[in-house]
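Colleague:
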Amino acid sequence: MQNRWLNYHRHRLVRALGWVFRAQLCGLTLVLSTGLAFAHETHVIPSVEITAPAVPDTQIHSTETEQLHQQSSGETLGEYLDQLPNVDSASYGPAVGRPVIRGMEGYRVKILQNDVEVSDLSAMSHDHAVGVLPKASERIELLKGPASIVYGAHAGGAVRLIDQFDHHFPEPGQSGFLEAAAGSNNSLVSSGIRLNTTSENFTFSVSDFRNYTEDYSDGRGNRIADSDVDSELSQFDAGWRFSDSGNVFFGFAGLNKDYGIPNQTPQETRIDMQSDSYTLRVSDEFEDSWLGRYSVELGYVDYLHDETEGGRRDGLFGQKTASALLSLDYFHSVWIGKLLIGYRENELKVCHEHGACDRFTFAASSGINSNVGVSLENYLNDTGLPYSHGHPMPNTNSRNFMIGINGDRLIDFLDAEATLSLGAHLEFRDLQSDPRNIQETWIVPDRVDPSYYDDDREFAGSLSVGLEHPLGDRVTSQFNLSYLERLPSVDELFWNGFHHATDTYIFGDRDLKKERSINLDWDLGFSAGSANWYLGAFAYFFDRYTYQDQLFDEDGEPISDPFHLSDVWQTKQASARFTGLSVRSEWSLNEARQAPLVLTNQIDVIRATRSNGEKLPRTAPASWLIKLTYTPGEWSMNASVKRVMESSAAANETRTPAYTWVSANVAWRKTYSYGDWYFWLKGDNLGDSYAQNHLSFLKDSAPLMGRSVSAGIRLEF
Amino acid sequence: MTNHTSGSTLLVRGLLLSSLVFFIGCGGSSNSESDDASDAADVLPDGMILAFLNANSAAYIAYDTTTEESVDLNERASGSSDSAVQNMLISDTATIGFFLHWPDFRVIDEEENLDMKYLLMRPGYAYQSGAEIDGDQFTQLVHLHDDELAAHSADEYVSPEVGSTQEAELTRLNESVTAQADLVTEISEALDAEGETLCRAFIDPYLAFEHEHEEEEADADASDDEDHEHGELVHYALTQSGRMYFYEEHEEELESMQAFVVLDAISSISDCSHTTIGRVNDEGVLVFVPDTQMLYFVDAHGGDFHQHSTWDLTEILPEGFQADMMAVVNEGGDHDHDDEDDHDHEDEDDHEDEDDHDHEDEEEE
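Structure below.
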């Protein structure tokens, strides 16, 4: 039994190491070539047979965080991942960058800290930062298909940040690191420290990471006001090993992120976010059973951010999340996989009141029934839209019960051994809303909708199937087909009001239905001589795709809200289709000092339309990445050129010009008896291009950073 | 209304917290619960001094929205050697009626000027058409000395000498009161169509001042005197039910500008004489309703009028203070929420009062 478990996990681990890393591994062990990139003469060394497929595991794409950091132009999760196939970053200035995966954004991408969903409000709005500091993790996984559905039904899959204690008890001894970095352009100052001490049965760890940047300059030398960021993550972890395989961990993480919003409002807009999370996890393994490793994790997250304009607190967002999660690995008959059973309770409160959002309160009431909702009703009668100047949402309390399961088994398919993967996810939500926080004249009255604040009990069920099989000796195909159901979020249902940071008025829709989609992913890996090819294609078909659409009057003029004269956006649902393709190749061009020079080409294309053919806004433009990688001995070097094409434009959207982004980095690691020294130097946008992110609402006021050079040092022991 | 916290919720949370408390000691503060209330005072627009008076105890507090500090006016009056400050003292509750705001237009060195003043009227005073206010009908006349409130005693206005400053002031005061009475009549008639009863009517005196200047210049050659024409000035009308209506005057008819706004938590206003509307900036007013002990900031800042913000008096006044009435003395400063407010107060800046405040702060916002 144990051997089977080891083999399974080894297999998963090899697959999860990530394609970039493994391509270099394969380059060393399989086929190496000499000569320049386009030389005809090649030298083939004897191949070594390995069992791993030539195509990366497309269900689990895992990359070391340090490697992502070297490629990243910033410190957001989106920037860490945006060089991966069909991954982009939805930025809102340098502080905010949520990953957009295969065109899926917001609630369609789940972000996990180990196995538990990160409790933040980053999916709610583009200006809300993700509640993680990616550099504090050890590796980051992208999951899709059955590997993802066990965590939830998300068309964009899941992003999983894995820390040092994920199902792993450290070796006895002392370890840790000290690091510091500095950069030009935005005056980056960064520091980090981690200290671990572990005995046979106990382990303790403390760490602290700080990143501070000032306003940056774009490629034209313009200083971008209010683009500063100050973030700090403090962590404490303690663990107790109560048996050979069993342990208990407690963890605390406090993340503060104070950042400017480089929008066009005349006064400085800022967000100050604080997230405190507490985790208690017990894990062990069943002996001589079809059940393998299990863990029970209890979590509590207290999240709060305020939004200020000119120093006044105009907005306040608070969320408290309590969760319990049972994770269980199993091997039953021919199936091997994972079961998750979770409960999550989420209390969300939102305040909008000019200069008066210091705390959450219940609004005063006159006790006169006719006053309830009378102002909202006036606007509904006058304009056809139920404008509100009160708090934009009722307090909500949602309780989610979920169960997810996936499993793999070997089957014979087309006279070859293939892996069949299945996954399912069930979710039940009990949603309660309490409008007592809303000023009475802005409450939706019974006269308008008698069931507006009624409890909702909803169910969503999703399925996924995957098939990995060889097509000959050198080609491997992986195919995933998923049917996903997503419950509308509470803000999609209830939001009715102004949002300062985005300077927009947004209407939710209380009558939204479950968003449904059929997702097809096909990945093809091809190994030929000194080259590995990867082709990833996807087609996602949505029924009731939930999105925000700007409102225009009969003359085609943008509708403005009556209080702030801002653009008005309405949450809608429509059929939509996302298709895309990523082609990636890696050639081992030359070998020097027993290390290959690897040339990577990657082309990403996405198309997103509604069923009527209209393009959806903020769809990532096509891009072409060319990268050279060389890792001789203690050195690691990368140089890349990324050409981002001119974007297409949806209705009422402007095109974003093409740009070229040149980056390079070099790192050196030296091992001494007391530890490893690690130095790195990197440059981003070395051509000082004026670049705009088409996915950003602030692409005009906050173009991407101009040329920057940064360097860092780390001592690991 | 839903039951917000169920038993199972508490159970799960209790289990979680009890587990966690074991590790982290005892609790600590919560991010999502009430935060530091120390920031709470940083909310009222700058440029106003709000005077609050309790009719039963004569407790008298001034709150400066710029410095966010409050001062006990009686205490200050008692401790001052300045007679103007001493005149602020209110010791006899029998003299307390209500505050009457007086935007005082006058000519100084051949230039027109406007200063906000208020009077503490004696109980029993009520406006009667044709009857004039004299020194027997109020207790004190308050205005700004530099940045602080000071007062003239009503005694100074009893039987004023012919041609004296006091006589001129009383004349201007009565003209203002008559104009306000006309405004009340005009708005009350408009409100009849809504089935509402007027509680307070208000026109921004600063804007009216400028508006009349502009009209005088534009109509310098006009033969007919368009008396009582307020043009596009906003006419604020607060009803006894707590609704605020907004009118503009066109061809001597009041026209509704938009839908009414309902002020929070008001079932009815029991004493309109103690209810106040005062200027905040060109596009907004501050409303005090003693029944709710709340301040309401109603403004438009470019769009529709709406209840922009509210403040509970407990946020700014000493604990336990019950305000029965409020007076607003301001310098017309703009609320700093919006920069859309581009109204220029150059005229006001140009007119310095020899003993009163200047209006420089208006430009700072």
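For the protein sequence lines, the chains are Y and Z, in the order given.
All residue numbers for the first sequence refer to our numbering, where the first residue is 166 and numbers rise by one.
All residue numbers for the second sequence refer to our numbering, where the first residue is 63 and numbers rise by one.
No residue lacks a Cβ here, since even glycine has one placed at the ideal position from N, Cα and C.
All figures in this text were calculated on a predicted structure; none of them were measured in a lab.
(1) According to a CB-to-CB cut-off of less than 8 Å, which residues of the segment 720-735 of chain Y neighbour chain Z?
(2) Could you spell out where the alpha helix (DSSP H) holding G555 of chain Y opens and where it closes?
(3) If I measure Cβ to Cβ from E310 of chain Z and keep anything under 6 Å in the same chain, skipping five residues before and after, which residues do I get?
(4) With distance defined between alpha-carbon atoms, name the residue in Y:D849, Y:G321, Y:R783 nearest to T821 of chain Y.
(5) So R138 of chain Z is in the alpha helix (DSSP H); what residue range does that whole segment cover?
(6) How would you list, in chain order, the residues of chain Z whose beta-carbon sits under 9 Å from the beta-carbon of T606 of chain Y?
(7) So that I know if they touch, is there some Cβ in chain Y lying closer than 8 Å to that of D366 of chain Z?
(8) Applying the 10 Å Cβ sphere with the 16-neighbour rule, what's the burial state of D619 of chain Y?
(9) The beta strand (DSSP E) with H119 of chain Z in it runs from where to where?
(10) With 16 other CB atoms within 10 Å as the buried threshold, where does G109 of chain Z fall?
(11) With DSSP collapsed to three states, give me the class of C522 of chain Y.
(12) Just the chain Z side, please: which residues come within less than 9 Å of D547 of chain Y by C-beta, in chain order?
(13) Does DSSP put W607 of chain Y in a helix, a strand or coil?
(14) Quick check: is the beta carbon of A181 of chain Y nearer than 8 Å to any beta carbon in chain Z?
(15) What residues in the segment 201-225 of chain Z have a beta carbon less than 9 Å from any beta carbon of chain Y?
(16) Span of the alpha helix (DSSP H) holding H234 of chain Y?
(17) When burial is assigned at 16 or more other CB atoms within 10 Å of the CB, is W660 of chain Y buried or exposed?
(18) Of all the alpha helix (DSSP H) runs that stay within the bounds of the segment 578-647 of chain Y, which reach a length of 4 or more residues?
(19) Rounding to the nearest angstrom, what Cα-Cα distance links G338 of chain Y and N565 of chain Y in this structure?
(20) On the premise that M356 of chain Z lies in contact with A327 of chain Z, defined as a C-beta separation below 8 Å, what is that separation, rounded to the nearest angstrom?
(21) Buried or exposed: N351 of chain Y, going by 16 or more other Cβ atoms within 10 Å of its Cβ?
(22) Just mark E314 of chain Z as buried or exposed, buried being the case when its beta carbon has 16 or more other beta carbons within 10 Å.
(23) For L730 of chain Y and Y552 of chain Y, I'd like the C-alpha separation in whole angstroms.
(24) Near G848 of chain Y, which residues of its chain fall below 6 Å by C-beta distance, leaving aside the five closest residues on each side in sequence?
(25) So what does DSSP say about Y180 of chain Z, is it helix, strand or coil?
(26) Among Y:E542, Y:N560, Y:V539, which has the Cα closest to the Cα of F525 of chain Y?
(27) Contact defined as beta carbons within less than 8 Å: I believe V133 of chain Z pairs with A212 of chain Z. What is the distance between those atoms, to the nearest angstrom?
(28) Identify which residue in Y:G464, Y:S695, Y:N421 has its Cα closest to the Cα of A260 of chain Y.
(29) Look up F200 of chain Z in the DSSP assignment and say whether it is helix, strand or coil.
(30) For my contact list, L505 of chain Y and Q484 of chain Y are in at a C-beta cut-off of 8 Å; report their separation, rounded to the angstrom.
(31) Closest Cβ-Cβ distance between S290 of chain Y and chain Z: below 8 Å?
(32) By the DSSP assignment, the beta strand (DSSP E) with R509 of chain Y in it spans what residues?
(33) Thinking just about the alpha-carbon of each residue, which of Y:P727, Y:L846, Y:E231 is nearest to the one in Q369 of chain Z?
(34) Thinking C-beta only, is G662 of chain Y closer than 8 Å to P761 of chain Y?
(35) Is H319 of chain Y helix, strand or coil when you go by DSSP?
(36) What number of angstroms, rounded off, separates the C-alpha of E811 of chain Y from the C-alpha of M269 of chain Y?
Modeller: So, to answer that:
(1) Within the segment 720-735 of chain Y, the residues whose Cβ lies closer than 8 Å to some Cβ of chain Z are S725, D726, P727, F728, H729, L730, listed in chain order.
(2) No alpha helix (DSSP H) contains G555 of chain Y, which DSSP labels as neither H nor E.
(3) So the qualifying residues of the chain are E294, E317, M319.
(4) The candidate whose alpha carbon is nearest that of T821 of chain Y is Y:R783.
(5) Segment 135-140, the alpha helix (DSSP H) holding R138 of chain Z.
(6) Ordered by position in chain Z, the residues that pass the 9 Å Cβ test against T606 of chain Y are V323, V324, L325, D326, Q369.
(7) Between D366 of chain Z and chain Y, the shortest Cβ-Cβ separation is below 8 Å.
(8) D619 of chain Y counts as exposed, since fewer than 16 other beta carbons sit within 10 angstroms of its beta carbon.
(9) With the sequence shown as reference, residue 119 of chain Z is identified as Ser, and His is not the correct amino acid for it. Here S119 of chain Z belongs to no beta strand (DSSP E), and DSSP marks it neither H nor E.
(10) Result: buried.
(11) In the structure shown, C522 of chain Y adopts coil according to DSSP, grouped into three states.
(12) Correct list: Q320, A321.
(13) DSSP places W607 of chain Y in the helix class (H, G or I) of the three-state scheme.
(14) Reliability fails at A181 of chain Y, whose pLDDT of 41 lies under 50, so the model's placement of it is uncertain and the value that follows must be treated cautiously. Not closer than 8 Å to any Cβ of chain Z, the Cβ of A181 of chain Y fails to qualify, so no.
(15) When C-beta distances to chain Y are compared with 9 Å, every residue of the segment 201-225 of chain Z stays at or above that value.
(16) Start and end: 230-236.
(17) With 16 or more Cβ atoms within 10 Å of its Cβ, W660 of chain Y is classed as buried.
(18) Along the segment 578-647 of chain Y, the alpha helix (DSSP H) does not occur as any fully enclosed run of 4 or more residues.
(19) About 41 Å.
(20) Indeed they touch by this definition, with Cβ atoms about 7 Å apart.
(21) In summary, N351 of chain Y is buried, with 16 or more beta-carbon neighbours lying within 10 Å of its beta-carbon over all protein chains present.
(22) It counts as exposed.
(23) Within the model, the alpha-carbon separation for L730 of chain Y versus Y552 of chain Y is close to 12 Å.
(24) Same-chain partners within the cutoff: A829, V874.
(25) Of the three classes helix, strand and coil, the one that applies to Y180 of chain Z here is strand, per DSSP.
(26) Among Y:E542, Y:N560, Y:V539, the Cα nearest to that of F525 of chain Y is on Y:N560.
(27) With a Cβ gap of about 13 Å, V133 of chain Z and A212 of chain Z do not count as contacting.
(28) Ranking Y:G464, Y:S695, Y:N421 by Cα distance to A260 of chain Y puts Y:N421 first.
(29) Reduced to three states, the DSSP call for F200 of chain Z is strand.
(30) Taking the Cβ atoms as the reference, L505 of chain Y lies roughly 22 Å from Q484 of chain Y, outside the contact range of under 8 Å.
(31) No - not a single Cβ of chain Z is within 8 Å of the one on S290 of chain Y.
(32) DSSP places R509 of chain Y inside the beta strand (DSSP E), whose first and last residues are 500-517.
(33) Considering only alpha carbons, the answer is Y:P727.
(34) No; because the gap between Cβ atoms is not below 8 Å, this pair is not in contact.
(35) Coil, per DSSP.
(36) One C-alpha to the other measures close to 20 Å.
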